[in-house]
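Colleague: Heads up: the sequence shown is residues 629 to 1165, going by the numbering used here.
Glycine included, C-beta positions come from ideal geometry on N, C-alpha and C.
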Amino acid sequence: MSLLKKFATVGGATLISRVFGFTREMMMASALGVGPVADAFNLAFRFPNLFRRLFAEGAFNAAFIPLFARSLEEEGEEGAKRFATEIFSTLFTVLLVVTVAAMVFMPALVKTIIAPGLAACIDDPQTLGQQISCEDRYAITIAFSRIMFPYLACMSLMAMVSGILNAFRRFFAAAAAPTILNFALIGVLAWCWWNGSDQQTIGFLMSWGVLFAGVAQLLMVTVAMRMAGFSVALKRPRWTPALKRLLILAGPAALIGGITQINLFVGQAIASYKPGAVSILQYADRPYQLPLGMVGVAIGVVLLPELARALKAGRAEEAQHTQNRSLEFALFLTVPAAIALYVMPEPIIRLIYERGAFLPETTHQVAAVLGLYALGLPAFVLIKVFSPGYFARENTRVPMIVTGLSAAANTVLSFVLFWFYAEQGIALATTLAGWLNAWLLFEGLRRQGLWHVDMALVKRSVLVILSAGAMGGVVWFLLERLAPYLATGVGALTQGLAILAIVAVAMAVYFGLALATGAADRAMVRNLLKGRRSKRV
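What follows is the structure, encoded as structure tokens:
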């Protein structure tokens, strides 16, 4: 299977999940808007979901796959099973202890880490005017957090099983499993709508839906692993050299691979000081995560095993070629997506969310944040491209330093900019920190001689930017001409058709210019549109 086709397999499954995620967010926005229950649910869900993003979207695999692959090659399947059983047993035990402790100390976690702004609200109720009291807002956030926290354990165990599947080049089940979460929450929201449930009831039922989905996802990948002819057992955990090596690699890998989510989590904690800001950031994050998930996650999952195999076999030239072509692929899709999201965030947000409890003024707030997130989209995908260059060589020192610098910059910028620009300041800080991270990772690879940029990459990158810029001009022109069909109050069908027309013309312009200028060859475009095998990648 070609590299591009592997990207398409994982990216396609992730895209399906993100599309259903859009549906979930649309229904949630209509039911809860940016009110206190929406804030409480988003605050409570972000903490375990942070670990889902850290582990399930590549960070755990970055540490686990090279060690598992080595064990499989050197000791055979039985040796790999012993290694996997050691890791699974230890991980299960640690997660059990962490989950119990978190359930007991959840009030302190909410007050100090998850939503420190709620503490200010409790100390001075006049600072945050709410339709429910500050005490109730704090209480439901704790309740939601306790219900959903075991989701963390399910996702962490699922990450390990997914790593085994990825090592055997079985990518689809792990990429498709998150769809279960979206199905569960869509079902809950539909049931609540049918029964006319109040907002607090909706929040509690959605929290239970998250927990149910976590268990179901773990079962799905476990069945897929058994169908692949592999299994793990639960035994008494033991401290072994292999476990020690995994921990040395996994900690930095989780921080490095999940820097996007860490930045968002920090931003959310700061945003808890302003009513509605948490939900505004969450609603803006969903459209931004669609291209990031489709391209970034696919590259992060597929590229690491490909590089690890090439380097282990001594095929350095093949590894360089794979890195350069992966970067081309990332830029080819994310640059136009970023420009489109930056130029037309308001029509997109209005079409997706503006109904029910989601008001027109909220559309303006969310659109402004989405535009700033869009500027950082290429950076966060580039992080997914550059990080495997270190992980495939079991090098975590440099990216760990880079991640620390980026996270520190994000925290400082978020604190400073929030007081001047509210949630927009947090979005801007996230974007700036993302570009700092990507640039430092690339410089580290280049200075160590681990990445040699070829002329084809330079040429195509420049042409991609020019083609995408021209496309952005066309989108802006069409927005001006179709503004009456995109305004508040216009039917969703009319808005959707207008946006579809803009997207269709934009794609035609971009792909046409890309082909005409050489930013992409016909084989690449055919593969992206039809899923055929590329001869060049």
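For Thr651, which residues from the same chain have a beta carbon less than 8 Å from its beta carbon, with the 5 sequence-adjacent residues on both sides left out?
Modeller: Here residue 651 corresponds to residue number 23 of the sequence shown, with the count starting at 1. These residues qualify, in order along the chain: Asn810 and Ile814.
Colleague: Quick test of the definition: if touching needs 3 or more C-beta pairs under 8 Å, does the stretch 1000-1017 touch the stretch 1126-1138?
Modeller: Taking 8 Å as the limit for Cβ pairs, the verdict is that the stretch 1126-1138 does not touch the stretch 1000-1017.
Colleague: Using the Cβ count rule (16 or more neighbours within 10 Å means buried), how would you classify Trp1079?
Modeller: Translated into the one-based positions of the sequence shown, residue 1079 becomes position 451. Label assigned to Trp1079: buried.
Colleague: Given a cut-off of 8 Å on the beta-carbon distance, is the pair Ala672 and Ser835 in contact?
Modeller: In the sequence shown, residue 672 corresponds to position 44, counting from 1. In the sequence shown, residue 835 corresponds to position 207, counting from 1. Yes, Cβ-Cβ distance for Ala672 and Ser835 is below 8 Å.
Colleague: Judging by CA-CA distance, which residue of Gly1124, Glu974, Val1102 and Arg866 is the nearest neighbour of Thr589?
Modeller: The structure shown does not extend to residue 589, since the chain is modelled only from 629 to 1165, so the question has no answer here.
Colleague: Does Gly661 come out as helix, strand or coil in the three-state DSSP assignment?
Modeller: What you label residue 661 is simply residue 33 of the sequence shown in a count that begins at 1. DSSP places Gly661 in coil when its eight states are reduced to three.
Colleague: At the level of alpha carbons, what is the spacing between Ser790 and Leu1107?
Modeller: The residue labelled residue 790 in the question sits at position 162 within the sequence shown. The residue labelled residue 1107 in the question sits at position 479 within the sequence shown. Cα to Cα, Ser790 sits roughly 43 Å from Leu1107.
Colleague: Helix, strand or coil for His992 per DSSP?
Modeller: Along the sequence shown, one-based indexing puts residue 992 at 364. His992: helix per DSSP, three-state reduction.
Colleague: Which value, in whole angstroms, describes the spacing of the CA atoms of Ala1148 and Ile742?
Modeller: Taking the sequence shown and counting its residues from 1, the one referred to as residue 1148 is at position 520. Taking the sequence shown and counting its residues from 1, the one referred to as residue 742 is at position 114. Distance between the alpha carbons of Ala1148 and Ile742: 44 Å.
Colleague: Using C-beta distances below 6 Å, list every residue in its chain close to Val860, excluding the 5 sequence neighbours before and after it, in chain order.
Modeller: Taking the sequence shown and counting its residues from 1, one reaches residue 860 at position 232. Once the five neighbours on either side are set aside, the close Cβ partners of Val860 are Ala712, Thr713 and Phe716.
Colleague: Val860 by DSSP, collapsed to three states: which one?
Modeller: One-based indexing of the sequence shown puts residue 860 at position 232. Coil.
Colleague: Can you grab the Cα-Cα spacing for the pair Ala1115 / Thr991, in whole Å?
Modeller: In the sequence shown, the residue the question calls residue 1115 occupies position 487. In the sequence shown, the residue the question calls residue 991 occupies position 363. Cα to Cα, the separation comes out at about 11 Å.
Colleague: Taking Thr1024 as the reference, which of Leu874, Leu979, Met972 and Ala802 has the closest Cα?
Modeller: Your numbering for residue 1024 matches position 396 in the sequence shown. For the residues Leu874, Leu979, Met972 and Ala802, the minimum Cα distance to Thr1024 belongs to Leu874.
Colleague: Quick check: Ala1236 and Leu817, are their CB atoms within less than 8 Å of each other?
Modeller: Past the edges of the chain, shown from 629 to 1165, lies residue 1236, and the structure says nothing about it.
Colleague: My assumption, with CB atoms under 8 Å, is that Gln845 sits in contact with Arg978. Please give the rounded CB distance.
Modeller: Locating residue 845 in the sequence shown gives position 217, where the first residue counts as 1. Locating residue 978 in the sequence shown gives position 350, where the first residue counts as 1. Wrong, their Cβ atoms sit about 32 Å apart, outside the cutoff.
Colleague: How long is the line joining the alpha carbons of Val662 and Ile908, rounded to whole angstroms?
Modeller: Start at 1 with the first residue of the sequence shown, and residue 662 comes out as number 34. Start at 1 with the first residue of the sequence shown, and residue 908 comes out as number 280. Approximately 7 Å, taken between the alpha carbons.
Colleague: The alpha helix (DSSP H) with Leu1110 in it runs from where to where?
Modeller: Within the sequence shown, the letter at position 482 stands for residue 1110. Premise fails: Leu1110 is in no alpha helix (DSSP H) and is neither H nor E.
Colleague: Just mark Met655 as buried or exposed, buried being the case when its beta carbon has 16 or more other beta carbons within 10 Å.
Modeller: Locating residue 655 in the sequence shown gives position 27, where the first residue counts as 1. By the neighbour-count rule (16 or more Cβ atoms within 10 Å), Met655 is buried.
Colleague: If you compare alpha carbons, which of Glu1051, Leu1091, Ala736 and Pro975 is closest to Leu1110?
Modeller: By 1-based counting over the sequence shown, the position of residue 1110 is 482. Here the closest residue by C-alpha is Pro975.
Colleague: If distances are taken between C-alpha atoms only, which option among Gly1017, Ala787, Met734 and Phe800 comes closest to Ile775?
Modeller: Against the sequence shown, residue 775 aligns to sequence position 147. Out of Gly1017, Ala787, Met734 and Phe800, Met734 has the C-alpha closest to the C-alpha of Ile775.
Colleague: Measure the Cβ-Cβ separation of Gly842 and Pro778 and say whether it is below 8 Å.
Modeller: The residue labelled residue 842 in the question sits at position 214 within the sequence shown. The residue labelled residue 778 in the question sits at position 150 within the sequence shown. Yes, Cβ-Cβ distance for Gly842 and Pro778 is below 8 Å.
Colleague: Examine the Cβ distances between the stretch 1005-1019 and the stretch 954-964 and report whether three or more of them are shorter than 8 Å.
Modeller: A contact exists between the stretch 1005-1019 and the stretch 954-964.
Colleague: Alpha carbon to alpha carbon, how far is Ala801 from Leu987? Give it in angstroms, no decimals.
Modeller: As a working mapping, residue 987 is identified with position 359 in the sequence shown. As a working mapping, residue 801 is identified with position 173 in the sequence shown. Rounded to the nearest angstrom, the two C-alpha atoms are 38 Å apart.
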